[in-house]
Structure formats: structure tokens, C-alpha cells
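Okay, so here's the structure we're looking at.
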Amino acid sequence: MQQQASYSQLELDAMFNVANPPAMQLPQGQMRMIDRIIHVSSKGGKYNKGELIAEFDVLPDLWFFKCHFPGDPVMPGCLGVDALWQGLGFYLAWAGYEGKGRALGVGGVRFFGEVLPEASTVRYHIHIKRVFRKDIVMGIADGEVYVDGTNIYSAENIRTGLIPVSGMSAVS
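If you read the sequence shown in our numbering, its first letter stands for residue 79, the second for the next number, and so on.
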């Protein structure tokens, strides 16, 4: 993957619409909770080991507002957590590792706000703590979710792995 400091929605769309499996996967369609990568770097973040900042545009007619909950629409908190896993997987691929991205867990999540249909933008800030390689590549990070500039969740020890695909080699 070509390293850039940011990626537009069009660049992300083009990156993941190839005939052969790409070096990194993000969910497509409605399950992709990242519209653009605002900043990605191998330095910075709370631990100075790297960070990723991504955004998602909130539109009042998004699919989850129709069903979660009728008469009281709110974005499911699990989708914000999934976005943190997606972002960490993107970071690993950006750093040169290869494999099929998979969420592996999270140490703890605290919710203290919500995303409502009248919101504008959700921002995800991921702070890389550690990346290691054994049978798989695994990234561990902490993250925050913001809606229109207000911190609404925090997550500790987010774990995303890149599972080897036969024929792929990981960065040493």
C-alpha cells in the first residue's frame, strides 16, 4: 500500500475495489464506518508509536437510524467500536503488513454520549500502543470516538489482527 498521510473517500473506494484481494480490507457499503482518513503516521498519538484519525459523515437517513431504535434513533455503539477496529486494521496495512483484517477484541469500552441523526461528523482517534508479529500481525491501540468535536466513547486495548493469506508475506 502506498503510504500517504491522508486518504479521501474516493481514494479509499478505489483502493478496495480491485479484482484481486487487496493487501488490506475494509468493509464495503453500509458496514464501512470510515469515509476518510484525515491523518495517519508512525509517530504521534498518546504513546508516540503512531496514530490514525478518521472521519465518518452522519446523514439522517443512514440505515441504522431506521432500526435502532424506532422513534428514538441512535447509531449503535458497536458500530463506533467496529470503526476503531477498521481504523487499526487500516493502520497495520498502511505500515506495510499484509493479511485479512479481523477484529480480535477490546479491553474495555466506555460510552458517555451518542450519535444522533442531526449530528454531522464522527471522528475516530486511534493511538497505537504496540504492533507485533507471531503467527499473525496484531496491533493494540487505545481510541476515542467524537461526534461534532465532543468525546463520546473511549476504548482501551483495541486488538486487530492481519491473518496471513497463502502467498502473502508479512513485513519483518
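No residue lacks a Cβ here, since even glycine has one placed at the ideal position from N, Cα and C. The structure presented is a predicted model; accordingly, all values stated were derived computationally and were not measured.
Beta-carbon proximity check, residue i vs residue j, cutoff 8 Å
| i | j | result |
| --- | --- | --- |
| residue 243 | residue 231 | no |
| residue 191 | residue 225 | yes |
| residue 196 | residue 138 | yes |
| residue 128 | residue 169 | yes |
Selected residue, minimal CA-CA separation from residue i, among the options
| i | options | result |
| --- | --- | --- |
| residue 201 | 214, 131 and 236 | 131 |
| residue 228 | 85, 193, 236 and 107 | 193 |
| residue 115 | 136, 106 and 82 | 82 |
| residue 215 | 158, 221 and 237 | 237 |
| residue 233 | 105, 170, 186 and 135 | 186 |
| residue 135 | 148, 181, 161 and 149 | 161 |
| residue 106 | 119, 117, 87 and 118 | 87 |
| residue 241 | 149, 220, 219 and 171 | 171 |
| residue 211 | 173, 220 and 152 | 173 |
| residue 157 | 90, 150, 89 and 189 | 189 |
Identity of the residues DSSP links to residue i by a beta bridge
| i | result |
| --- | --- |
| residue 169 | Partner(s): none; residue 169 has no beta bridge. |
At least three beta-carbon pairs within less than 8 Å, the stretch 116-131 to the stretch 200-209: Touching, per the Cβ criterion.
Touch test, the stretch 106-113 against the stretch 152-166, Cβ-Cβ under 8 Å, three pairs minimum: yes
contact_flag[the stretch 143-155, the stretch 168-178] where n(CB pairs < 8 Å) is 3 or more: no
Entirely enclosed beta strand (DSSP E) segments - the stretch 173-199, minimum 3 residues: Along the length of the stretch 173-199, whole beta strand (DSSP E) runs at least 3 residues long occupy 178-183 and 186-189, reported in chain order.
Uninterrupted alpha helix (DSSP H) stretches inside the stretch 84-151 (no shorter than 4 residues): 87-93 and 141-145
In chain order, each beta strand (DSSP E) run of at least 3 residues that lies wholly inside the stretch 205-231: Within the stretch 205-231, the complete beta strand (DSSP E) runs of at least 3 residues are 215-225.
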